[in-house]
Amino acid sequence: MADQQDKSVIIQNFSDILKDRGMRKTPERIKILEKVLDFKKLFTVEELHQVMLDEAFPVSKSTLYNTVDVLIEIGWLRKTNIGESAVAYERIEQMAQIHLKCEHCGRIKLVKDTNFMAYMNARKFTAFTTSYYNLTVYGVCNDCARKIKQLKRKRNSNKK
Ligand SMILES: [Zn+2]
């Protein structure tokens with residue numbers, strides 16, 4: 021299970037992801053993520069709702085659902101059918117996604133790489149048990165690359 025330090029890294033990643041998607045980083049969404057990280061097995065939205073109420077952090081079901089949807093989309097949660105119409109969620113321990121981080125604007129893009137995931141899932145380290153991993157590739161996003169190119173062109177034309 022993620023310890024406190026890992027948790028803060030995950031929360032920071034999640035904040036970046038929300039920002040990247042133009043979603044507000046609200047205390048509710050962060051609290052939902054924290055509670056999701058605490059579940060060790062399958063949970064339903066009703067259970068998550070109850071946990072939030074127990075923490076005196078009432079949130080609407082729609083906030084719960086849209087936060088859970090983001091977590092599914094980015095591959096941190098998996099949806100499972102547990103009955104006729106009942107749905108439960110499960111945390112994906114291996115947050116096996118490659119983070120592409122732009123060194124200029126700080127934006128993070130998540131990409132899935134099934135070969136990498138298969139390799140990492142099979143990879144065993146001596147005297148160490150992996151909980152999850154997190155790979156960040158640093159570079160320049162297309163938006164920034166374009167801006168840099170324009171700046172250079174501008175600078176060159178000023179010289180003439
Ligand atoms: Zn950028």
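Numbering (the numbering used here), first residue to last: 21 to 180.
Positions of the beta carbon are idealized from the N, C-alpha and C atoms, including for glycine.
For Val160, the closest alpha carbon among the candidates Lys121, Thr146, Lys60, Phe145 is that of Lys121.
The stretch 27-41 makes no contact with the stretch 76-86; the number of CB pairs closer than 8 Å stays below 3. Bounds of the beta strand (DSSP E) holding Ala108 are 107-111.
Inclusion of Lys55 and Val71 in the CB contact set at 7 Å is warranted, their separation being smaller than that value.
C-alpha of Asn162 to C-alpha of Lys179: approximately 26 Å in a straight line.
Excluding five sequence positions before and after Val157, the CB atoms of its chain that fall closer than 8 Å to its own CB belong to Ile118, His119, Leu120, Lys121, given in chain order. For Leu62, no alpha helix (DSSP H) segment is defined, and its DSSP state is neither H nor E.
The alpha carbon of Leu53 has as its nearest neighbour, out of Ile30, Arg41, Thr64, the alpha carbon of Ile30. Between Gln170 and His124, the alpha-carbon positions lie close to 15 Å from each other.
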